[in-house]
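Below: the structure, in structure tokens.
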């Protein structure tokens with residue numbers, strides 16, 4: 082079976098918010114398994130939503146619509162679907178009670194305007210929402226299976242797991258086992274990863290691999306299918322091992338942790354502590370902001386400061402040594418000012434950032450250079466700094482010999 086995903090919302094079409102729901106839904110559909118053949122986004126407009134439905138239905142037997150189920154006037158999805166299928170909207174008593182109970186648990190009466198959220202196209206089946214008040218619905222029309230859920234990611238994900246995926250597995254049938262794993266990489270670009278593992282990226286191959294880039298991290302998603310769970314597990318394990326062999330020190334983890342959590346876990350695992358100094362003219366606290374996204378950061382972060390400007394290599398090296406000693410930390414990390422060289426062409430500006438680390442009186446400096454405006458350069462440099470810290474910890478603990486050579 083093929084699937085199409087339709088997301089609605091002016092905030093998506095205007096670019097004020099990213100459509101992360103399509104990504105989440107498509108990744109989970111692959112484990113059914115279903116092939117997602119279309120992602121489509123339309124604004125909060127009746128005709129646009131109906132045109133989106135028409136396009137999605139022409140492409141796939143399964144259509145998942147996300148968004149437009151709120152209580153306000155611009156939440157038009159339920160009305161658009163009802164009109165499209167020539168079905169009246171009818172109030173579902175069970176759905177209405179669920180909404181009332183949701184407000185009661187918060188100690189509030191249900192506002193009258195929320196009553197509209199219990200209106201569903203006649204003949205559809207409600208999809209309960211345990212995380213909010215927007216009731217979804219499932220409608221079967223001949224060979225079409227239409228699922229409509231709210232656009233709030235937390236609510237959508239709950240309904241996806243509790244209702245949509247189980248129903249789709251019933252429809253697909255069979256006893257095939259599907260397992261999913263990931264390998265997260267930092268360093269190589271998406272194109273470099275694709276080139277290195279090109280033989281593994283065939284669309285008919287089992288396992289099926291996909292590349293998901295974000296903030297300099299490339300997630301290689303591996304979906305394996307087998308006649309038994311054991312068969313799928315063997316295929317999955319073989320590909321993960323092959324990816325680890327191919328990318329070596331660029332492998333962050335083989336789970337869903339992000340870069341700050343990987344760094345934090347390494348520090349905690351080896352009983353190391355960290356102190357960070359960032360100049361106001363450089364990363365200005367962004368390194369620490371990312372690091373403290375990791376759970377348990379209070380266990381290993383001894384001190385963090387934003388200090389006055391200082392771009393010279395000597396100044397940054399001194400900062401790293403000084404903050405390590407004053408905080409009594411295992412590792413001192415410092416970033417200098419972001420320098421925008423005068424010879425940078427206007428159509429391709431670039432920035433240079435100096436980073437220094439000090440461990441037990443032994444220091445090393447590194448320079449990162451990225452093209453783009455100041456915001457982009459700082460963001461890329463912060464991620465590179467965290468990865469540099471990861472490699473330093475591995476080197477310090479003997480898990481990575483000569484890890485920093487050439488960086």
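Residue numbers (the numbering used here): 82 to 488. Where a beta carbon is used, it is the ideal one built from N, C-alpha and C, also for glycine. The structure displayed is predicted, hence computed values, not measured ones.
Label residue i either buried or exposed according to how many other C-beta atoms from any shown protein chain fall within 10 Å of its C-beta, with 16 as the threshold for buried.
| i | result |
| --- | --- |
| residue 406 | exposed |
| residue 487 | Its pLDDT being 33, under 50, residue 487 is placed unreliably by the model, and nothing is read from it. |
| residue 204 | exposed |
| residue 224 | exposed |
| residue 378 | buried |
| residue 456 | exposed |
| residue 221 | exposed |
| residue 252 | exposed |
| residue 158 | buried |
| residue 202 | buried |
| residue 359 | buried |
| residue 100 | buried |
Taking the continuous beta strand (DSSP E) assigned at residue i, which residues delimit it?
| i | result |
| --- | --- |
| residue 235 | That residue, residue 235, is in no beta strand (DSSP E); its alpha helix (DSSP H) goes 234-240. |
| residue 88 | 83-89 |
| residue 438 | 431-440 |
| residue 452 | 443-452 |
Taking residue i as the reference, which of the options has the closest Cα?
| i | options | result |
| --- | --- | --- |
| residue 180 | 169, 197, 165, 166 | 197 |
| residue 182 | 167, 212, 160 | 212 |
| residue 274 | 328, 236, 246, 230 | 328 |
| residue 133 | 87, 109, 97 | 87 |
| residue 209 | 191, 444, 298, 174 | 174 |
| residue 395 | 365, 412, 408, 438 | 438 |
| residue 266 | 216, 478, 468, 346 | 468 |
| residue 370 | 436, 464, 448, 452 | 464 |
| residue 473 | 461, 115, 414 | 414 |
| residue 417 | 411, 85, 163, 399 | 399 |
| residue 298 | 312, 337, 281 | 337 |
| residue 244 | 310, 150, 109, 346 | 109 |
| residue 91 | 189, 165, 155 | 155 |
| residue 233 | 149, 380, 111, 381 | 149 |
Leaving out five residues before and five after residue i in sequence, what residues of the same chain have Cβ atoms less than 6 Å from its Cβ?
| i | result |
| --- | --- |
| residue 177 | 199 |
| residue 493 | Past the edges of the chain, shown from 82 to 488, lies residue 493, and the structure says nothing about it. |
| residue 123 | 89, 129, 130, 133 |
| residue 300 | 263, 265, 293 |
I'd like to confirm something about residue i: is its beta-carbon nearer than 7 Å to some heavy atom of the ligand COA, or not?
| i | result |
| --- | --- |
| residue 117 | Here there are no bound small molecules, and the ligand COA is not part of this structure. |
Please return the same chain residues whose Cβ sits closer than 7 Å to the Cβ of residue i, not counting the five positions on each side in sequence.
| i | result |
| --- | --- |
| residue 314 | 260 |
| residue 142 | 82, 83, 224, 225, 226 |
| residue 206 | 218, 219 |
| residue 309 | 258 |
| residue 93 | 100, 122 |
| residue 95 | none |
Kindly say whether residue i, judged by its beta-carbon, lies nearer than 8 Å to any beta-carbon of chain D.
| i | result |
| --- | --- |
| residue 346 | Here chain D cannot be found, since the structure has a single protein chain. |
If you follow the alpha helix (DSSP H) that residue i is part of, which residue opens it and which one closes it?
| i | result |
| --- | --- |
| residue 342 | 340-350 |
| residue 471 | 455-477 |
| residue 158 | 158-165 |
| residue 105 | 102-110 |
| residue 307 | Segment 298-307 is the beta strand (DSSP E) holding residue 307; no alpha helix (DSSP H) there. |
| residue 371 | 367-372 |
Less than 8 Å between C-beta atoms, sequence neighbours within five positions excluded: which residues of the same chain meet that for residue i?
| i | result |
| --- | --- |
| residue 57 | The requested residue 57 is not part of the displayed model; the chain covers only 82 to 488. |
| residue 237 | 102, 105, 106, 147, 230, 231 |
| residue 153 | 194 |
| residue 470 | 344, 355, 412, 414, 438 |
| residue 364 | 416, 419, 434, 459, 462, 463, 466 |
| residue 160 | 127, 170 |
For the stretch 169-176 against the stretch 119-134, do three or more pairs of beta-carbon atoms, one drawn from each stretch, fall closer than 8 Å, so that the two count as touching? no
I want to know whether the stretch 353-364 touches the stretch 375-386 - three or more CB-CB distances under 8 Å. yes
For the stretch 274-294 against the stretch 304-318, are there 3 or more C-beta pairs whose distance is under 8 Å? yes
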